[in-house]
Amino acid sequence: MSNFPSDKPVLVTCGLPYANGKCHIGHLRTYVPGDIFVRSLKKQGQEVTFVCGSDAHGTPIVVNAEELKITPTDLVNKYHKHFDSIFKAMEVEFSIFGNTDSPTNHSRTESIVNALIDRGYVYPQVIRLAYCPHDERFLPDRYVEGICPYCGKPARGDECDQGCGKHLEPGEIKNAKCRICGNPAQYREQEHFFFKLSSFGNFLSDYLKTLGGTANAINYAKIWAKELKDWCITRNLEWGVRFPGHDDLVVYVWVDAPIGYISFTEEWANNTGGDWEKYWRGDSRIIHFIGEDITYHHCIFWPAMLKGAGYTPPWAVVASGMLKIDDKKFSKSRGYVVWVDEDYLDHGFHPDLLRYYIANYTSHTKELNFSWKVFQDKVNNELVGALGNFLHRTQHFTHKNFGNIPDGRVDQEILDKIKATLETVILAFDEYEFKKATDAMMELAQYGNAYFQSFEPWALIKKDKDACARVLLNCLQIGKALILLFEPILPGNMEKAWKQLGLPGDVHTARFEDALIEIPAGELRVPEILFTKIEDKKIKEMEAILDKRTKIALSKEKKHEAKERKTEITYEEFQELDIRIGKIISAENIKGSDKLLKLEVDIGEKRQIVAGIAQSHNASELVGKQVVVIANMKPAKLFGVESRGMVLAADVEGAVLLMPEKEVKEGTRVR
Ligand SMILES: [Zn+2]
Ligand SMILES: [Zn+2]
161 MSNFPSDKPV LVTCGLPYAN GKCHIGHLRT YVPGDIFVRS LKKQGQEVTF
211 VCGSDAHGTP IVVNAEELKI TPTDLVNKYH KHFDSIFKAM EVEFSIFGNT
261 DSPTNHSRTE SIVNALIDRG YVYPQVIRLA YCPHDERFLP DRYVEGICPY
311 CGKPARGDEC DQGCGKHLEP GEIKNAKCRI CGNPAQYREQ EHFFFKLSSF
361 GNFLSDYLKT LGGTANAINY AKIWAKELKD WCITRNLEWG VRFPGHDDLV
411 VYVWVDAPIG YISFTEEWAN NTGGDWEKYW RGDSRIIHFI GEDITYHHCI
461 FWPAMLKGAG YTPPWAVVAS GMLKIDDKKF SKSRGYVVWV DEDYLDHGFH
511 PDLLRYYIAN YTSHTKELNF SWKVFQDKVN NELVGALGNF LHRTQHFTHK
561 NFGNIPDGRV DQEILDKIKA TLETVILAFD EYEFKKATDA MMELAQYGNA
611 YFQSFEPWAL IKKDKDACAR VLLNCLQIGK ALILLFEPIL PGNMEKAWKQ
661 LGLPGDVHTA RFEDALIEIP AGELRVPEIL FTKIEDKKIK EMEAILDKRT
711 KIALSKEKKH EAKERKTEIT YEEFQELDIR IGKIISAENI KGSDKLLKLE
761 VDIGEKRQIV AGIAQSHNAS ELVGKQVVVI ANMKPAKLFG VESRGMVLAA
811 DVEGAVLLMP EKEVKEGTRV R
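Here the sequence shown stands for residues 161 to 831, where the numbers follow my numbering.
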């Protein structure tokens with residue numbers, strides 16, 4: 161039997177997108193199946209609230225805003241709008257899309273933290289924290305970089321992101337360096353506050369036995385629940401939710417981010433006259449859709465926090481597997497990324513096509529590989545060749561020969577086939593197996609095609625018009641069932657198909673079980689084509705975009721490596737350099753460049769040298785100064801001006817010129 165509809169209130173959430181960058185296919189791997197699941201629940205007659213919102217706090221946003229010289233609020237608002245518009249364009253329909261910097265979330269977080277304090281689950285402790293003496297500040301989370309104490313790989317302050325993936329507590333990272341100025345960090349002591357996660361061991365081990373969702377999440381959580389460490393839940397930051405009673409501290413972003421699920425429900429309830437407490441304080445079914453990488457937070461930390469503060473913990477956690485692009489690990493810096501706006505929607509692709517790909521490529525918990533070639537194959541063979549073809553040929557042939565939906569009864573065999581498919585689909589949704597569900601739907605489309613083909617209606621109509629009408633009525637019934645079944649996956653196109661078939665009401669509110677209600681006789685319209693084949697030319701164009709991006713990233717990486725790599729050299733090799741002291745005789749700006757100066761330098765002979773120091777030096781102030789010059793640089797032309805030599809400077813922002821300790825004769829060699 162199916163889990164739904166349930167008489168308990170059902171709330172579905174999706175992991176909050178971090179408001180610090182654009183939406184890519186990796187994000188959609190959670191949001192599209194979340195939306196499909198919610199639509200499938202509605203199709204089973206389940207009332208359901210679907211909440212999500214932007215994650216606005218934490219150090220990456222502050223660091224990024226500082227670099228861009230804008231406020232964190234401006235940065236968050238920009239990406240909040242971006243995600244909201246992408247979700248709408250992709251037909252991901254949240255009941256509400258909130259923001260964790262909202263007043264509701266500030267006050268709900270304070271209230272939950274206070275409840276945890278009152279119940280004795282929070283305690284103060286003096287800890288050693290990374291501190292930058294140069295910037296005179298503590299360095300929370302992403303402000304510090306160094307080496308993972310567990311696996312030795314480069315890591316960020318709060319997470320071993322390139323190695324073992326462990327969460328790092330403040331002060332744990334080794335060889336800590338300040339991310340702002342690059343200087344080694346010191347450690348200083350300060351009082352912080354800890355959540356007593358270790359006292360939730362018994363609760364969690366019982367709870368995880370009943371938690372629903374996907375095995376990839378729950379199995380890991382069961383292992384982690386055996387060794388629980390208390391969590392430091394405060395940070396030295398301005399941006400975030402204030403820790404009650406301490407104006408210099410905010411709560412860790414992983415405290416107020418999931419609380420967003422509650423406050424968005426509150427905001428939704430305020431807007432609609434609904435009741436948020438029936439979900440979060442009552443006997444309810446809360447289902448979290450997340451990416452596999454945030455399982456710990458949702459299966460360990462979050463249920464413990466909810467239990468500790470007297471709220472209802474989740475009923476199920478559904479974790480999606482990771483993403484690959486062209487069989488390469490997804491990586492923004494290496495160019496293996498597909499942006500949803502500029503690489504997909506802006507090229508005129510319908511959102512339904514990508515929704516189908518995400519649902520059908522593989523099991524929800526396995527790794528999904530995106531490639532344009534496979535995308536083309538799936539669209540052309542499955543959506544165009546099987547589903548689109550069946551809906552179109554059935555309706556087109558019936559319209560041409562009968563003008564309307566024929567009178568009569570649908571064969572029991574057909575209704576049985578639809579019923580069996582329906583059961584398979586609903587059970588698959590129950591298990592969060594979107595591939596299994598969509599495979600069963602597509603199998604029904606193929607059954608329909610084979611059925612149509614086997615009766616040869618184009619021949620049958622000449623011999624027995626009534627028999628032909630009966631075959632077509634059966635096909636139209638299969639068509640109706642397909643439209644209802646595919647609505648969660650392909651909402652835009654199935655809405656069109658529903659109207660074309662002249663069916664009553666709204667396909668989005670119709671139920672799966674309506675697939676068994678026999679299609680009424682009535683007028684039929686000329687069907688429009690729903691899905692069209694994607695041409696090879698278009699796919700080549702898309703592949704070229706990806707190819708160019710990965711090549712640019714690779715050459716950047718190589719340049720960076722070459723710059724970083726320094727091999728040892730011999731004294732003889734050093735002597736190859738002709739380094740001399742020179743005096744600047746004249747200096748002037750170069751037309752059209754705001755970076756370059758043209759210098760005339762006396763190095764025992766006169767040399768014209770172009771130097772990239774115009775942003776840090778006035779031409780007039782340089783005349784008469786002694787500098788250090790590499791005299792045997794290969795001549796080069798910059799902005800049409802010849803340069804024969806190179807002036808040495810320290811590589812910092814606003815170049816600092818090297819100069820001899822005291823004045824020496826021009827042309828003196830440097831050794
Ligand atoms: Zn590590
Ligand atoms: Zn610093």
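Idealized CB from N, CA, C, for every residue including glycine. This structure is a prediction, so every number in the text was calculated from the model and none was measured.
> Given a threshold of 16 other Cβ atoms within 10 Å of its Cβ, counted over all protein chains shown, does C311 qualify as buried or as exposed?
Replying inline: One-based indexing of the sequence shown puts residue 311 at position 151. Flag for C311 reads exposed.
>> Given 7 Å as the limit, tell me if Y310 has its C-beta closer than that to any heavy atom belonging to ligand 1.
In response: Looking up residue 310 in the sequence shown gives position 150. At least one heavy atom of ligand 1 is nearer than 7 Å to the Cβ of Y310, so yes.
> Pick from G682, L676, A675: whose alpha carbon is nearest that of F660?
Replying inline: Here residue 660 corresponds to residue number 500 of the sequence shown, with the count starting at 1. The question names Phe, but residue 660 in the sequence shown is Gln. Selected option, being the one with the closest Cα: G682.
> If we ignore side chains and look at the alpha-carbon of each, how far apart do R671 and I485 end up?
Replying inline: What you label residue 671 is simply residue 511 of the sequence shown in a count that begins at 1. What you label residue 485 is simply residue 325 of the sequence shown in a count that begins at 1. Those two C-alpha atoms are separated by around 36 Å.
> When the Cα atoms are used, what is the spatial distance from E688 to S423?
Replying inline: What you label residue 688 is simply residue 528 of the sequence shown in a count that begins at 1. What you label residue 423 is simply residue 263 of the sequence shown in a count that begins at 1. Distance between the alpha carbons of E688 and S423 is about 44 Å.
> Buried or exposed: which applies to D301, given that a residue is buried once 16 or more other Cβ atoms fall within 10 Å of its Cβ?
Replying inline: In the sequence shown, the residue the question calls residue 301 occupies position 141. Buried, by the Cβ-count rule.
> When the Cα of V286 is compared with those of Y607, I705, F353, K822, which residue comes out closest?
Replying inline: Working through the sequence shown from its first residue, we reach residue 286 at position 126. V286 has its Cα closest to that of F353, out of Y607, I705, F353, K822.
> Which residues have a Cβ closer than 6 Å to any heavy atom of ligand 2, listed in chain order?
Replying inline: C292, H294, D295, C338, I340, C341, N343
>> Relative to the C-alpha of H448, which candidate in G372, G470, K640 has its C-alpha closest?
In response: Looking up residue 448 in the sequence shown gives position 288. Measuring from the Cα of H448, the nearest candidate turns out to be G372.
> Going straight from the alpha carbon of C183 to that of K719, what length do you get?
Replying inline: As a working mapping, residue 183 is identified with position 23 in the sequence shown. As a working mapping, residue 719 is identified with position 559 in the sequence shown. Cα to Cα, the separation comes out at about 28 Å.
>> Let me check one thing: in DSSP terms, what residues is K797 bridge-paired to?
In response: The residue given as residue 797 occupies position 637 in the sequence shown. Answer is E802, bridged to K797.
> Taking 8 Å as the CB-CB cut-off, is R441 touching chain D?
Replying inline: Here chain D cannot be found, since the structure has a single protein chain.
> Regarding G323 and ligand 1, is the C-beta to nearest heavy atom distance less than 7 Å?
Replying inline: Within the sequence shown, numbered from 1, the residue matching residue 323 stands at position 163. The answer is yes for G323.
> Under three-state DSSP, which class holds L714?
Replying inline: Taking the sequence shown and counting its residues from 1, one reaches residue 714 at position 554. Three-state result, L714: helix.
> Could you give the C-beta distance for T394 and V411, rounded to a whole number, given that I count them as a contact under 8 Å?
Replying inline: Taking the first residue of the sequence shown as 1, we reach residue 394 at position 234. Taking the first residue of the sequence shown as 1, we reach residue 411 at position 251. Going by Cβ atoms, the distance from T394 to V411 rounds to 6 Å, so yes, they are a contact pair.
>> Three or more C-beta pairs under 8 Å: does that hold for the region 378–392 against the region 237–251?
In response: no
>> In this structure, how does DSSP classify W428 when only helix, strand and coil are distinguished?
In response: Locating residue 428 in the sequence shown gives position 268, counting from the first residue. Three-state DSSP puts W428 in a helix.
> Does the beta-carbon of W618 have 16 or more other beta-carbons within 10 angstroms, so that it is buried, or is it exposed?
Replying inline: What you label residue 618 is simply residue 458 of the sequence shown in a count that begins at 1. Burial call: exposed.
>> Please return the same chain residues whose Cβ sits closer than 6 Å to the Cβ of M250, not counting the five positions on each side in sequence.
In response: Taking the sequence shown and counting its residues from 1, one reaches residue 250 at position 90. Once the five neighbours on either side are set aside, the close Cβ partners of M250 are P511.
>> Quick check on the burial criterion: 16 or more other C-beta atoms within 10 angstroms. Buried or exposed for M702?
In response: Taking the sequence shown and counting its residues from 1, one reaches residue 702 at position 542. It counts as buried.
> Which residues in the same chain as Y521 place their Cβ atom closer than 6 Å to its Cβ, once the five residues preceding and following it in sequence are excluded?
Replying inline: Working through the sequence shown from its first residue, we reach residue 521 at position 361. Result list for Y521: L528, in chain order.
> Buried or exposed: which applies to R189, given that a residue is buried once 16 or more other Cβ atoms fall within 10 Å of its Cβ?
Replying inline: Taking the sequence shown and counting its residues from 1, the one referred to as residue 189 is at position 29. By the neighbour-count rule (16 or more Cβ atoms within 10 Å), R189 is buried.
> Hey, is K326 close to ligand 1, as in C-beta under 7 Å from one of its heavy atoms?
Replying inline: Taking the first residue of the sequence shown as 1, we reach residue 326 at position 166. Checking the Cβ of K326 against ligand 1 gives yes.
> Where does C174 sit, in a helix, a strand or coil, going by DSSP?
Replying inline: On the sequence shown, position 14 is the one that residue 174 refers to. Looking at C174 - three-state DSSP - the assignment turns out to be strand.
>> Assuming L483 is part of the beta strand (DSSP E), what are its boundary residues?
In response: Walking along the sequence shown from the start, residue 483 turns up at place 323. Element bounds for L483: 483–485.
>> Assess contact between the region 354–374 and the region 462–477, defined as three or more Cβ pairs (one per stretch) separated by less than 8 Å. Is contact present?
In response: yes
>> Given 7 Å as the limit, tell me if K313 has its C-beta closer than that to any heavy atom belonging to ligand 1.
In response: Reading the sequence shown from its first residue, position 153 is the one you call residue 313. The answer is yes for K313.
>> With distance defined between alpha-carbon atoms, name the residue in G400, N396, S803 nearest to D408.
In response: Position 248 of the sequence shown, counted from the first residue, corresponds to residue 408. With distances taken between Cα atoms, D408 lies closest to N396.
>> In the DSSP assignment, the beta strand (DSSP E) including Y291 goes from what residue to what residue?
In response: In the sequence shown, the residue the question calls residue 291 occupies position 131. Where Y291 is concerned, the enclosing beta strand (DSSP E) stretches over 282–292.
> Mind checking whether the beta-carbon of C320 lies closer than 7 Å to any heavy atom of ligand 1?
Replying inline: The residue given as residue 320 occupies position 160 in the sequence shown. Checking the Cβ of C320 against ligand 1 gives yes.
> If V826 sits next to D762, beta carbons under 8 Å apart, how far is it from one beta carbon to the other, in whole angstroms?
Replying inline: By 1-based counting over the sequence shown, the position of residue 826 is 666. By 1-based counting over the sequence shown, the position of residue 762 is 602. Going by the sequence as given, residue 826 is Glu instead of Val. About 5 Å separates the two Cβ atoms, so the contact holds.
>> The beta strand (DSSP E) that contains Y347, what's its start and end?
In response: Taking the first residue of the sequence shown as position 1, residue 347 is located at position 187. Run containing Y347: 346–355, per the beta strand (DSSP E) assignment.
> Between the beta-carbon of P648 and the beta-carbon of R199, is there less than 8 Å?
Replying inline: What you label residue 648 is simply residue 488 of the sequence shown in a count that begins at 1. What you label residue 199 is simply residue 39 of the sequence shown in a count that begins at 1. A contact, by the Cβ cut-off of 8 Å.
>> Could you give the first and the last residue of the continuous beta strand (DSSP E) run that contains P617?
In response: Position 457 of the sequence shown, counted from the start, is the residue given in the question as residue 617. Counting along the chain, P617 falls outside any beta strand (DSSP E), though it belongs to the alpha helix (DSSP H) covering 617–623.
>> Taking a contact to mean a Cβ-Cβ separation below 8 Å, would you say E437 touches A479 in this structure?
In response: In the sequence shown, counting from the first residue as 1, residue 437 sits at position 277. In the sequence shown, counting from the first residue as 1, residue 479 sits at position 319. No.
> In chain order, what residues of the same chain have a beta carbon less than 7 Å from the beta carbon of V686, not counting five sequence neighbours either side?
Replying inline: Looking up residue 686 in the sequence shown gives position 526. The answer, listed in chain order, is H559.
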